[in-house]
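All remarks here apply to the structure that follows.
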Amino acid sequence: GWILELDRGHGIPWKGNYSSWLEQKQERLRREEKSESARQKTLQRELEWIRMSPKGRHAKSQARINAYEKLLNQTGQQREKELELYIPPGPRLGDVVIEADGVAKAYGERLLVENMCFRLPPGGIVGVIGPNGAGKTTLFRMITGQQTPDNGAIRIGDTVKLAYVDQDRALDGKRSIWEEITDGNEQIELGDRLVNSRAYVARFNFSGAEQQKKVGALSGGQRNRVHLAKMLRQGANVLLLDEPTNDLDVNTLRALEEALDHFGGCAVVISHDRWFLDRIATHILAFEGDSQVHFFNGNWSEYDQDRKRRLGDDADRPHRIKYRQLTR
Numbered sequence: 338g339w340i341l342e343l344d345r346g347h348g349i350p351w352k353g354n355y356s357s358w359l360e361q362k363q364e365r366l367r368r369e370e371k372s373e374s375a376r377q378k379t380l381q382r383e384l385e386w387i388r389m390s391p392k393g394r395h396a397k398s399q400a401r402i403n404a405y406e407k408l409l410n411q412t413g414q415q416r417e418k419e420l421e422l423y424i425p426p427g428p429r430l431g432d433v434v435i436e437a438d439g440v441a442k443a444y445g446e447r448l449l450v451e452n453m454c455f456r457l458p459p460g461g462i463v464g465v466i467g468p469n470g471a472g473k474t475t476l477f478r479m480i481t482g483q484q485t486p487d488n489g490a491i492r493i494g495d496t497v498k499l500a501y502v503d504q505d506r507a508l509d510g511k512r513s514i515w516e517e518i519t520d521g522n523e524q525i526e527l528g529d530r531l532v533n534s535r536a537y538v539a540r541f542n543f544s545g546a547e548q549q550k551k552v553g554a555l556s557g558g559q560r561n562r563v564h565l566a567k568m569l570r571q572g573a574n575v576l577l578l579d580e581p582t583n584d585l586d587v588n589t590l591r592a593l594e595e596a597l598d599h600f601g602g603c604a605v606v607i608s609h610d611r612w613f614l615d616r617i618a619t620h621i622l623a624f625e626g627d628s629q630v631h632f633f634n635g636n637w638s639e640y641d642q643d644r645k646r647r648l649g650d651d652a653d654r655p656h657r658i659k660y661r662q663l664t665r
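When the letters of the sequence shown are read in order and numbered with the working numbering, they come out as residues 338 to 665.
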């Protein structure tokens, strides 16, 4: 038989007996509680960000404030749809993940980095920070083998399987969301197993008819989610994420934080969002200028305290980034 539940002015049909209805209702209430807890955490975090932000805000900052106000006014029904991102797990990592030993790299006559050394521990999330043009993307290209160091070496562990989500958001606007992520296959390989492609796409909060929406009609944040889903399909255990938070709304940003927090592998994340790095990073790799790169054990705020201790009055003094000249 059927049961029709009236809940907060809405009719919810259920096919089955009374005991099965009670079980699914308990599960639905548990999901609502989890969603509301995540919403409250997001609201608190965004409120702290608003309080810390300068009054003369850019357009992107104002958009984030508008998103906060929209989240604040969400109804319970809307919150049930709050998204969760899913990062497919990769193979088990060994002790060696990514190591840099005395790495130097030049661009023309500019020495971007000199004697760069770091060791990414299993389970670590490294936030990579520094001005544009400092060499952050070049680091990713050296890790993936697209470029090689001029001196020193970068070692990739034998068990490492990389996924590189770059800033090239090139997507086919004429394809549907489902087609772009899955290449139109009903079954896709996720790491070493086959899964239903529509179920995988749904894990990135594209469910039902929405999967047929054309990519060309999507917002920047939705396109970013499509790009993430497409690039993470291979089931990697080390993620290289280049500015993953660009154009993301508050909910998607929160979902990405939680997905990284639950990810069993490692991640190296280039970002200018210090609040994001405060919440996810276990280590910071800072391109500090003068061709120097500093590796720090801790999040962004802890790194910033250490930087001020090391540099003293010069820490907060505005300055143009400098590079050493390459000597041959």
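Even glycine gets a Cβ: it sits at the ideal position worked out from N, Cα and C.
Query	Result
For A443, count neighbouring Cβ atoms within 10 angstroms of its own Cβ and tell me buried if that reaches 16, exposed if not.	buried
Suppose the cutoff is 6 Å on Cβ atoms and the five residues either side in sequence are ignored; what does the same chain contact list for N533 look like?	none
From R416 to V575, what distance separates their C-alpha atoms?	Low confidence applies here, because R416 scores a pLDDT of 43, under 50, leaving its location unreliable and the question unanswered by this model.
Measuring straight from C-alpha to C-alpha, what distance separates N354 and A596?	36 Å
Considering Cα atoms alone, identify which of D438, Y640, R647, P350 is closest to D487.	D438
How many Å lie between F541 and A604 at the Cα?	19 Å
With a threshold of 6 Å on Cβ separation, who are the neighbours of G601 within its own chain once the five nearest residues in sequence on each side are excluded?	P426
I need the DSSP call for D641, collapsed to helix, strand or coil.	helix
Taking C-beta to C-beta, are F632 and L622 nearer than 8 Å?	yes
Compare the Cα-Cα distances from W612 to each of L508, V497, R562, T379 and report the closest residue.	T379
Could you check what DSSP says for G620 in three-state terms: helix, strand or coil?	According to the sequence provided, residue 620 is His. The question's Gly does not apply to it. It is a strand residue.
Just to confirm, is the Cβ distance from S638 to G464 under 8 Å?	no
Measure the alpha-carbon distance for G635 versus R616 and round it to whole angstroms.	11 Å
Which one or two residues does DSSP pair with H631 in a beta bridge?	A623
Measuring alpha carbon to alpha carbon, tell me which of Q559, A507, H564 ends up nearest T589.	Q559
Along the chain, where does the alpha helix (DSSP H) containing G557 start, and where does it finish?	557-568
Output yes or no for whether 8 Å exceeds the beta carbon distance between V587 and A566.	no
With DSSP as the reference, label V552 as helix, strand or coil.	helix
Rounded to whole angstroms, what is the Cα-Cα separation between R368 and L499?	33 Å
Would you kindly report the start and end of the unbroken beta strand (DSSP E) that includes E526?	524-527
Could you check what DSSP says for Y537 in three-state terms: helix, strand or coil?	helix
Less than 8 Å between the CB atoms is what I'm expecting for T475 and Q484, so what's the real figure, rounded?	6 Å
Quick check for students: name the residue ranges of the beta strand (DSSP E) that lie wholly in the region 461-525, counting only runs of 3 or more.	462-466, 488-493, 499-502
Starting from L593 and walking both ways along the alpha helix (DSSP H), at which residues does that stretch end?	587-599
Given Q363, which residues of its chain have a CB within under 6 Å of its CB, disregarding the five upstream and five downstream residues?	none
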